[in-house]
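Counting the sequence shown from 1 gives a position; our numbering is that position plus 415. In what follows, a single structure is set out as structure tokens and then discussed.
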Amino acid sequence: MKSIFWKEINSFFSSTIGFVVVGVFLVLLGMIMWIFPDFSILDNQFASLDTLFYIAPLVFLFLIPAITMKSFSEETQSGTFEILFTKPLRDWDIILGKYFAALALTIIALAPTLIYYISVYYLGSPKGNLDTAGIIGSYFGLILLAACFCAIGVFASSLSQNQIISFLIAVFLCFLLFWGFFFLSKLPFFYGNGDDLMQELGIDYHYQSISRGYIDLSDIIYFVVVIFTFLSATLFYISKRKFS
Numbered sequence: 416m417k418s419i420f421w422k423e424i425n426s427f428f429s430s431t432i433g434f435v436v437v438g439v440f441l442v443l444l445g446m447i448m449w450i451f452p453d454f455s456i457l458d459n460q461f462a463s464l465d466t467l468f469y470i471a472p473l474v475f476l477f478l479i480p481a482i483t484m485k486s487f488s489e490e491t492q493s494g495t496f497e498i499l500f501t502k503p504l505r506d507w508d509i510i511l512g513k514y515f516a517a518l519a520l521t522i523i524a525l526a527p528t529l530i531y532y533i534s535v536y537y538l539g540s541p542k543g544n545l546d547t548a549g550i551i552g553s554y555f556g557l558i559l560l561a562a563c564f565c566a567i568g569v570f571a572s573s574l575s576q577n578q579i580i581s582f583l584i585a586v587f588l589c590f591l592l593f594w595g596f597f598f599l600s601k602l603p604f605f606y607g608n609g610d611d612l613m614q615e616l617g618i619d620y621h622y623q624s625i626s627r628g629y630i631d632l633s634d635i636i637y638f639v640v641v642i643f644t645f646l647s648a649t650l651f652y653i654s655k656r657k658f659s
């Protein structure tokens with residue numbers, strides 16, 4: 416698994432695409448948080464990073480599929496898919512190696528946002544007037560969200576040899592699982608009759624719960640189940656392709 420992990424990391428940063436993806440993520444997030452009037456922290460009356468945790472899922476919706484789209488699509492397109500699975504590695508090792516590499520790259524892209532915390536910490540009046548515990552909980556929720564999106568992205572990459580198609584499938588599935596159930600709960604059929612249950616099926620409900628600084632075991636179990644489901648689906652599809 417380690418060999419696959421480092422191969423993916425090196426592959427991502429061996430071309431300009433990796434730096435461009437991370438750079439675009441940071442620039443876009445920075446502009447939204449510090450420049451755009453409707454979201455700017457400087458225009459907020461309270462020292463808070465709520466804007467970051469509100470906007471990040473939307474940016475992740477495109478960032479993570481861009482990172483994961485080549486996981487298996489490139490292997491298939493370049494003809495190395497069969498060679499990869501003839502190596503003395505278990506299928507789980509290959510899938511988990513690619514998955515953890517994608518998650519590590521996402522965390523690397525997210526790490527520079529800690530500068531925002533330091534900036535707001537010193538800009539607060541008085542200095543340090545910030546809910547640090549709540550921010551830690553929100554970052555934890557953001558990492559769990561990234562872990563889910565990475566699992567979805569790796570699965571989408573296993574479905575097609577075309578990276579663009581894999582990207583679009585991942586974006587669609589991430590959007591569906593994050594916001595889809597919320598929108599479905601607003602339909603007349605569900606409104607007032609199971610709408611709460613419908614919302615609880617979506618990632619957004621559990622992400623918002625953790626982002627409030629309250630880490631509940633049920634929320635963590637939900638994220639683990641989603642991650643395991645999509646990684647298992649990837650294993651099933653990859654195994655099916657091998658034997659066919």
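Beta carbons are placed, not taken as given, at the ideal position from N, Cα and C, and that holds for glycine.
ask   = How long is the line joining the alpha carbons of Leu473 and Glu423, rounded to whole angstroms?
value = Cα-Cα distance, rounded: 24 angstroms.
message = Going by DSSP, what residue range makes up the alpha helix (DSSP H) through Phe593?
response = First-last for Phe593: undefined, no H or E at that position.
query = The alpha helix (DSSP H) with Thr466 in it runs from where to where?
reply = Asp465 to Thr483
task = Just tell me which of Met613, Cys589, Ser600 and Thr547 has its CA closest to the CA of Val641.
result = Cys589
query = On the three-state DSSP scale, how would you describe Ile527?
reply = One detail in the question is off: residue 527 reads as Pro in this sequence, not Ile. Three-state DSSP puts Pro527 in a helix.
query = So which of Leu592, Leu441, Phe475 and Ala524 has the shortest CA-CA distance to Thr644?
reply = Leu592
ask   = For Asp546, does the three-state DSSP call read helix, strand or coil?
value = coil
message = Does Gly433 pass the burial test, meaning 16 or more other C-beta atoms within 10 Å, or should it be called exposed?
response = buried
query = Considering only residues of the same chain and omitting the five flanking positions on each side of Phe570, which have a CB-CB separation below 7 angstroms?
reply = Taken in chain order, the residues that qualify are Phe645, Ala648 and Thr649.
inquiry  = Nearest by alpha-carbon distance to Ile447: which of Thr491, Leu467 and Phe564 is it?
reply    = Leu467
inquiry  = If distances are taken between C-alpha atoms only, which option among Ser455, Val437 and Ser486 comes closest to Leu574?
reply    = Nearest C-alpha to Leu574: Ser486.
task = Count the other CB atoms, across all protein chains shown, that sit within 10 Å of the CB of Gly438; report buried if there are 16 or more and exposed otherwise.
result = Exposed, by the Cβ-count rule.
query = Cβ of Ile625 within 8 angstroms of Cβ of Gly556?
reply = For Ile625 and Gly556, yes; Cβs fall inside 8 angstroms.
task = Taking only the alpha-carbon atoms, compute the straight-line gap between Ala519 and Asp506 and give it to the nearest angstrom.
result = 20 angstroms
task = Have a look at Trp449 and Lys513 and give me their C-alpha separation to the nearest angstrom.
result = 34 angstroms
query = Given that a residue counts as buried once 16 or more other Cβ atoms are within 10 Å of its Cβ, and exposed if not, what is Pro389?
reply = Residue 389 lies beyond the range of the chain shown here (416 to 659); nothing can be said about it.
query = Going straight from the alpha carbon of Ala698 to that of Leu443, what length do you get?
reply = Because the chain in this structure spans residues 416 to 659, residue 698 falls outside the shown range and cannot be described.
task = For Gln576, collect the residues of the same chain with a Cβ closer than 6 angstroms to its Cβ; drop the 5 residues on either side in sequence, then sort them by chain order.
result = Ser488, Thr491 and Gln492
ask   = To the nearest angstrom, how far is it from the Cα of Ile580 to the Cα of Ile558?
value = 25 angstroms
ask   = When the distance is taken between beta carbons, is Ile653 closer than 8 angstroms to Gly568?
value = no
query = Which same chain residues, not among the five before or five after Ala561, have their C-beta less than 8 angstroms away from its C-beta?
reply = Phe475, Ile479, Leu518, Thr521, Ile522 and Leu525
ask   = Helix, strand or coil for Gln576 per DSSP?
value = coil
request  = Decide if Ile550 is buried, meaning its Cβ has at least 16 other Cβ atoms within 10 Å, or exposed.
outcome  = buried
message = I need the boundaries of the alpha helix (DSSP H) containing Ile432, first residue and last residue.
response = Note, Ile432: alpha helix (DSSP H), Thr431 to Trp449.
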